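So in our numbering, spot 396 of the sequence shown is number 807, and the numbers just go up one at a time.
Notes for the one structure printed next.
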Amino acid sequence: MSTPMMEQFHAIKAEHPDTVLFFRMGDFYEMFHDDAVLASDVLGITLTSREKNSDNPVPMAGVPWHSVEGYLQKMLKAGYKVTLCEQEDELRPGEKLLQRVVTRVYTPGSLYEESLIGEESSALLSAVILQSDSLGWSVVDPSTGRAWAGEFTGAGRFDRLLDELLRWQPRELVMSRNDASSDVVKSILASVDNLTLSTHEVPRKARLESLKSVLEVADLGHIDLDSKPMAMEACGMATSYLSRLHLTATVPLRDIEFAEEQRYMVLDETTLRNLEVTHTLGGDKQGSLLSSIDATRTWMGRRMLRQWLLMPLLDRQEIAKRHGAVSSLVNANRRLRNLREALKGGRDLERLSTRLAYGRANGRDLGAISDALARLPSLHAILTEGSDELLVECAENLLDLDEIRLLISEALNDELPVTIREGGLFKQGWSQKLDTHRSAVAEGKEWLDNLEATERERLEIPRLKVKYNRQFGYFIEISNAHLDKVPEEYTRRQTLVNAERYVTEELKEKEELILNAKGRGNELEYALFRELRDQVKVHCQALSLIARKVATTDVLCSLAHHARRFGWTRPEMSEDEKLDIKAGRHPVLEASASFVPNDLTLDKKRRFLLLTGPNMGGKSTYLRQTALISILAQAGSFVPAERARIGLVDRVFTRVGAHDDIRRGRSTFMVEMIEVAHILRRATSRSLVLLDEIGRGTSTFDGLAIAWAVTEDVATRVGSRCLFATHYHQLVGLEAEIEGLVNVHVQVAQSGDELKFLYTVGDGPCDDSYGVQVAALAGLPAHVVERARDLLLFLETQAEGARAGEDGTPLSRGVGQSSLFGWMLPKVVGATPETEDADTEGPAEVPMGARLEPTEAAALARLAEMDPDAMSPREAMDLIYELKGILRGQHEWLEE
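In structure tokens form, the structure reads like this:
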């Protein structure tokens, strides 16, 4: 049976069909029908029903109003949108049902509250506009008002769009319904994790008008986007969408930057993950590049540092400005220390100005703005001590809003409440009318205190109390032990277990006077606060500019502090394609352990380094530190090296590690090949390519062939600067065939059976993979290691005449590794009758010295199948556990 309240629910739900409707009813937000079923599952709350005894009970679930943000966070994290519908406080004239109005629509990419996204993170919103052969894109941070926009044309436009989405990792993508239905968009969406698609229909003219309204301009030429119409439309799409969600035209979009590819190094999601720039491979922040160099003192500084690492510069002059500022601070320790002290505990002006712009700032927010502005004079004085260009720029405009600081500090109390409707905001003397109401309330409370004292004495009831609650107002409470003393003029109002509550005519009259004065005072104070907030709101743009300058100062101080602490040096930047690093170190690993520095040179004569050597020898670290040093240098940081010359890198590519992608149905080898294909399509001569093993997920010959072909293509056609770590030792012969390809290796010291990793890189190929020695270091049983040595000697002897490349090809000039198919597995002494035919001819037995048990023989046979040179540390560890299972007779291998 439909009720007026449910009709109200259905009408609002029809306006927001793609969201979960949180419908306020008293002290709860209720959900009905499918929303209730979904919320019960996602939030783990009880699913009940309305009209249980009817033929069609309505599913129902609810959450308390006072803890709604926690539930909102869970819904949003799961990728759902939520519409918040509030209940009005009073009935409208002539109506019997309280009206309910939508106050906000929450989506994954429209958030600005720290309680929902955290102080350090941002929930980004992207909008994309498609045309026949071009597209416009934008990325907006609703929590700071910053936006980036661009447009791409031609055949590669969707690849470039995917690059940007993978770089920015927005939480939500907004497109028109028609654009979102295209196959290429569906393919892009499948490639980006945790991205919610939303559709929004708004005509082109309305997009541009929305952008003009938000920026409060008559034209868009001043932000250099007038020549980029698709980028402008994408920004307008985003602002129009945010206006609809927040139910306001004042979306705080205060800064739009056109993100040209020629301005920033491109770092896609694969590269950011493999290099652990913002998170480790395990998903933790601790242990990432960002966490290791972060010495910022403010949340806005921390967010800016993250942005600098995600968007390293390509302009030498801009890079030089950052390096110059860091150098100035490194060489002035006292000034650096004073700046960091001045920044310590600074308020998040960026987020505060956003809440102010949305009209949601409370008294504490305005107080925090005043506190932040009060810190600026000391910061300004320290910044202007020197003459460095960027630091002087950071000092500009810092004192522009001192009058606003004075206004807030003179108006508001030092201790401020969370709410803005219950008084306690303004200082005594700010408003004469407010003071009058407060005096009336104070006089009333004084009368109540006197009443309590007088009645205690008159009635001889020492614990008589005058109290108040919202339901009954003011009352006199008397315990049951003294009920015989209650006078006739007292009227009983409420009975409790241990007491009775009473009122008198005089008390009711005073209650009306007090509550009326308090109510009028609160209403006046709320109006005064909104007036003050609007006065401050006019300066949102200036607050945002100041916030950015403080954040920039914080980042520069953080970089200088880290450089001083770890002895980092200023890199020399060049337009050529040379990378020359003297005693380079890994910026993360050097902070937690002793580290062996290494040199690196990449230039015209050494564009492609083929790196060989044993597992655990430091090859992957060498690759990663090279890329991280380049990223740090172009982000504006000093670098962990004695000396570094960095030829600008336009993008960094990585093919590192082995993992499958079960969600998309891709094997480890398929993921590897997709990453390699992406590199071969997009890399340029200015790129830096890191390849850490190729072809391990397939047969040895297939893998070798693919690695060989990729090496040739990168070294000859693409021409990128490249480091390729491989266990395919056959490839080292390519040095004689390909100009610019040079063999290098990680060095080890061997004494008998003992192996010591030196973690240094030297020229020339590695003469051995040291697989058996690494297995011994990994803890394989001694008898298994000894058997492996015997088998290795046998295999090398058997393969000597069949070594690949005897026809004089470059492969024949390789070192070490032979074909796995050029030999036959020797019989294993101790094999079971089921696996051994005594009459079958085959290779001779390998002397063992003792007969093995069947499980031991099986373990050795399994070990002989494996190629240690082609195994990652994780694969080697998995093999160890497998061998232990075989030895315990617990492995299915024995049953085959």
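For glycine and all other residues, C-beta sits at the position ideal for the given N, C-alpha and C.
Every value quoted in this text rests on a predicted model; they were computed, and no experiment measured them.
Under the rule that 16 or more other beta-carbon atoms within 10 Å means buried, what is residue i, buried or exposed?
i: R816; result: buried
i: S592; result: exposed
i: H997; result: buried
i: T1251; result: Unreliable placement is indicated for T1251, whose pLDDT of 43 sits below 50; the coordinate value is still reported in the next sentence. Flag for T1251 reads exposed.
i: M1321; result: Any property of residue 1321 remains undetermined from this structure, which presents the chain solely from 412 to 1307.
i: H421; result: exposed
i: V1143; result: buried
i: S850; result: exposed
i: P1279; result: buried
i: D799; result: buried
i: R588; result: exposed
i: K1015; result: exposed
i: M1288; result: exposed
i: Y1292; result: exposed
Taking residue i as part of the beta strand (DSSP E), name the residues at either end of that continuous run.
i: C1133; result: 1132 to 1136
i: N891; result: Per DSSP, N891 belongs to no beta strand (DSSP E) and is neither H nor E.
i: H1156; result: 1152 to 1162
i: N749; result: Careful: N749 lies outside any beta strand (DSSP E), inside the alpha helix (DSSP H) at 744 to 754.
i: V585; result: 583 to 586
i: L541; result: 536 to 541
Closest to residue i by C-alpha separation, out of the options, would be which residue?
i: D1124; options: G647, N742, R1093; result: R1093
i: L701; options: M711, R708, L576, H690; result: H690
i: H1194; options: L1169, A1270, C1177; result: A1270
i: T1109; options: L1101, A1118, D1103, L1102; result: A1118
i: M486; options: M471, T681, A447; result: A447
i: L508; options: R515, E499, F669; result: E499
i: E1146; options: S587, L608, G1175; result: G1175
i: I1057; options: H477, D679, I1040, R1066; result: I1040
i: D860; options: L870, K878, A806; result: K878
i: R461; options: E497, G490, T414, A489; result: T414
i: Y1170; options: V1196, G1296, T1079, T1032; result: T1032
i: A1160; options: E1148, L1152, K989, C1177; result: C1177
i: A1002; options: I704, R1018, F837, R582; result: I704
i: L1191; options: I1149, Q1158, K1295, A1116; result: K1295
i: G884; options: G1024, L926, E916; result: L926
i: L970; options: G455, L747, V688, V603; result: L747
i: H893; options: S624, E866, R881, A1038; result: E866
How far does the alpha helix (DSSP H) with residue i in it reach, from first residue to last?
i: A706; result: Here A706 belongs to no alpha helix (DSSP H), and DSSP marks it neither H nor E.
i: E1318; result: In the structure displayed, the chain extends from 412 to 1307; residue 1318 sits before or after that span and is not available.
i: E647; result: According to the sequence shown, residue 647 is Gly rather than Glu. From DSSP, the alpha helix (DSSP H) with G647 extends over 640 to 657.
i: E761; result: 760 to 768
i: V966; result: 951 to 977
i: D570; result: 568 to 579
i: I1105; result: First-last for I1105: undefined, no H or E at that position.
i: S1041; result: 1030 to 1046
i: G1058; result: Taken as a continuous stretch (DSSP letters only), G1058 belongs to no alpha helix (DSSP H), being part of the beta strand (DSSP E) at 1054 to 1058.
i: Y937; result: 916 to 948
i: Q843; result: 843 to 870
Based on DSSP bridge pairs, tell me the residues matched to residue i.
i: R557; result: D552, D666
i: A422; result: None; A422 has no bridge partner.
i: Y491; result: Answer is none; Y491 lacks a bridge partner.
i: I1167; result: Rather than Ile, the amino acid found at residue 1167 in this sequence is Lys. K1167 is bridged to A1160.
i: N1009; result: G995
i: Q728; result: Note: Q728 sits in no beta bridge, so no partner.
i: R816; result: Paired residues: none, contrary to the question.
i: C1177; result: Beta-bridge pairing links C1177 to no other residue.
i: E441; result: F434, G473
i: K876; result: E888
i: Y675; result: L724
i: I1291; result: Answer is none; I1291 lacks a bridge partner.
i: Q498; result: R511
Using a Cβ-Cβ distance cut-off of 8 Å, determine whether residue i contacts chain C.
i: E497; result: Here there is only one protein chain, and chain C is not present.
Should the region 814 to 828 be regarded as contacting the region 776 to 789, the criterion being three or more beta carbon pairs within less than 8 Å?
-> Output reads yes: the region 776 to 789 touches the region 814 to 828.
Take every Cβ of the region 467 to 478, pair it with every Cβ of the region 506 to 525, and state whether three or more of those distances are shorter than 8 Å.
-> No contact exists between the region 467 to 478 and the region 506 to 525.
Does the region 660 to 676 come close enough to the region 551 to 558 that 3 or more CB-CB pairs lie under 8 Å?
-> Remark: three or more beta-carbon pairs, one from each stretch, lie closer than 8 Å, so the region 551 to 558 and the region 660 to 676 are flagged as touching.
Are the region 728 to 738 and the region 754 to 772 in contact at 8 Å, needing three or more beta carbon pairs?
-> The region 728 to 738, when compared against the region 754 to 772, does not touch it at the 8 Å Cβ threshold.
Are the region 926 to 944 and the region 867 to 875 in contact at 8 Å, needing three or more beta carbon pairs?
-> No, they do not touch.
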